[in-house]
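Visitor: Structure in C-alpha cells, see below.
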Amino acid sequence: MEDIIRIRLKGKGISPGLIRSREIAEILESIEDMVIYETLKSQPTLSKDDIVVGIMEIEDKSIGLNFKTSLANIIIPILITTTQAINNNEFDSLTSNTLKSLQTISNFSRKHNCDAIFGIGNQLEIATITPSTEIPTPTYIEGLSEIIGKVIRVGGKKPKAMIELTDGSTIYCEVPEDVAKELGHQLYSLARFYGLAKWDSKTLELEEFKITSAEEFQSKDVNMIFKDLANIIGDQLNNITDVEKYVSNIRYDEDK
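Quick note on my numbering: the sequence shown kicks off at 13 and runs consecutively.
Written out as C-alpha cells, the structure reads:
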C-alpha cells in the first residue's frame, strides 16, 4: 500500500458518473506526465519507457484515483518532494512539463469548484490544489533551429515523429503529413530536421520541436574531412616546425 499514488477530486457534484470521461482522462495523463518529468529530471539515465504510472482503481469517494508505478523506490521519494513544493507554493524547482500538468489539474479544480488532494500510500492528504491555487505559467524561448537524429516512429491522425537524438534521448515532434510520408521511408536513418524549437527558459532544455522539413544527413569519411581541411588551409602550415610553440603563440595572442 505504501507505493500507491493517490489523487482525490473532492467537491459537491464530483463523482464518477457526473464528470466527463475526457476530463478524467486529462487528469490521468497529467499525473503520469508529472511523475515522468520529475523523475527524468532527477534520474536522467532513465527513459520515458522505463516509467509506468498505471491507474489501478477509481474509488467512488467523490472521485478517488489510485495509481501503481514501476520503480516505486525511486519515484515515490521524488513525488513526495514534488507534492511538498505544491503545498508550499514553491514551484521554481518543478519542470515546465510538471507545471503544465498541474495547470490542467488546477483548471479542473477551478471549473468544478473542488479540491484535488494528493496522497501517497497511507498518507491520504499531503498536498492540495484548491480553486484558489495559482500555478505559475511556464515560460519558453522559441526560435527556428535544427536537430539531428534518427526517425524511430512516425504516424498518427495528427502525425508525430519520434526522433532519437545523437545523445540517445528522444523527442516527439509534430510533423506535416507530406513530410511524415517521406520520413516513413527513412526509419532508423540519420537525418537533419528543420523547424520551430521551444526551450525551457530556466534550464534551456529543448521541450518541443515542430518539424517543417527534413533531409538525409550526409556523413563524411574522416579522411575526406581532413582532405577538405587541407584544401582550405593550403600551404599555410608547411613552414611550421615547432607545433607546440605555434599553438602557444596563438593562445597568447587570444588572451591579450
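The beta carbon of each residue, even a glycine, is placed where N, CA and C say it ideally should be.
Specify, as a first and last residue, the run of the alpha helix (DSSP H) that Tyr-49 falls within.
Guide: Per DSSP, Tyr-49 belongs to the alpha helix (DSSP H) from 33-54.
Visitor: Strictly by DSSP, which residues pair up with Phe-221?
Guide: In the DSSP output, where bridge partners are listed per residue, Phe-221 has Ala-209.
Visitor: Among residues of its own chain, excluding the 5 on either side of Leu-156, which ones have a beta-carbon nearer than 8 angstroms to its beta-carbon?
Guide: Excluding residues within five positions, the ones whose Cβ falls inside 8 angstroms are Tyr-206, Gly-207, Leu-208, Ala-209.
Visitor: Exposed or buried, which one is Pro-89 when buried takes at least 16 other CB atoms within 10 Å?
Guide: Burial call: exposed.
Visitor: In chain order, what residues of the same chain lie with their CB nearer than 8 angstroms to the CB of Ser-74, ignoring the 5 residues before and after it?
Guide: Contacts found: Arg-20, Leu-21, Lys-22, Gly-23, Ile-26, Ser-27, Cys-126.
Visitor: Quick check on the burial criterion: 16 or more other C-beta atoms within 10 angstroms. Buried or exposed for Pro-56?
Guide: With fewer than 16 Cβ atoms within 10 Å of its Cβ, Pro-56 is classed as exposed.
Visitor: Determine contact between the segment 77-91 and the segment 56-69, defined as no fewer than three beta-carbon pairs at a distance below 8 angstroms.
Guide: At 8 angstroms Cβ cutoff, the stretches touch.
Visitor: Do the segment 169-184 and the segment 142-157 make contact, defined as three or more Cβ pairs closer than 8 angstroms?
Guide: Contact fails: fewer than three Cβ-Cβ distances are below 8 angstroms.
Visitor: Look at the alpha carbon of Leu-202 and the alpha carbon of Lys-162, and state the distance between them as a whole number of angstroms.
Guide: Looking at the two C-alpha atoms, the distance is approximately 5 angstroms.
Visitor: Report the partner residues of Ile-139 according to the DSSP bridge assignment.
Guide: Residue identity differs from the one stated: residue 139 is Ala in this sequence, not Ile. In the DSSP output, where bridge partners are listed per residue, Ala-139 has Phe-130.
Visitor: Only counting the same chain, and skipping five residues up and downstream in sequence, which positions put a Cβ closer than 6 angstroms to that of Val-65?
Guide: Excluding sequence neighbours, Val-65 sits near Glu-44, Val-47, Phe-79, Thr-81.
Visitor: Go through its chain and collect everything with a Cβ distance to Glu-50's Cβ below 6 angstroms, but skip five positions before and after it.
Guide: Same-chain partners within the cutoff: Ile-90, Thr-94, Thr-110.
Visitor: Applying the criterion that 16 or more other CB atoms from any shown protein chain within 10 Å of the CB defines a buried residue, is Ser-154 buried or exposed?
Guide: Sequence check: residue 154 is Glu here, not Ser. Result: exposed.
Visitor: Mind checking whether Leu-199 and Ala-173 have CB atoms under 8 angstroms apart?
Guide: No, they are not a contact pair.
Visitor: Would the beta-carbon of Ile-183 fall within 8 angstroms of that of Phe-221?
Guide: Yes; because the gap between Cβ atoms is below 8 angstroms, this pair is in contact.
Visitor: Would you kindly work out how many angstroms separate the C-alpha atoms of Glu-256 and Ile-262, rounded to a whole number?
Guide: Rounded to the nearest angstrom, the two C-alpha atoms are 10 angstroms apart.
Visitor: Using three-state DSSP, classify Ser-113 as helix, strand or coil.
Guide: Helix at Ser-113.
Visitor: Nearest to Arg-165 by CA position, among Ile-159, Glu-176, Ile-98, is which residue?
Guide: Out of Ile-159, Glu-176, Ile-98, Glu-176 has the C-alpha closest to the C-alpha of Arg-165.
Visitor: Out of Cys-185, Ser-121, Gln-135, Glu-219, which has the shortest C-alpha to C-alpha gap to Ser-225?
Guide: It is Cys-185 whose Cα lies nearest to the Cα of Ser-225.
Visitor: The alpha helix (DSSP H) spanning Ile-92 covers which residue range?
Guide: Note, Ile-92: alpha helix (DSSP H), 84-99.
Visitor: In chain order, what residues of the same chain have a beta carbon less than 8 angstroms from the beta carbon of Ile-160, not counting five sequence neighbours either side?
Guide: Excluding residues within five positions, the ones whose Cβ falls inside 8 angstroms are Leu-177, Thr-178, Leu-202, Ala-203, Arg-204, Phe-205, Phe-229.
Visitor: Helix or strand or just coil, what does DSSP make of Ile-164?
Guide: Strand.
Visitor: Pull the bridge partners of Phe-79 from the DSSP assignment, please.
Guide: Looking at the DSSP assignment, Phe-79 forms a beta bridge with Ile-17, Ile-67.
Visitor: Using DSSP bridges, identify the partner residues of Glu-146.
Guide: Partner(s): none; Glu-146 has no beta bridge.
Visitor: Over what stretch of residues does the alpha helix (DSSP H) that includes Lys-193 continue unbroken?
Guide: Lys-193 -> alpha helix (DSSP H) spans 189-195.
Visitor: Do Ile-63 and Leu-83 have their CB atoms nearer than 8 angstroms?
Guide: Result yes, Cβ atoms of Ile-63 and Leu-83 sit closer than 8 angstroms.
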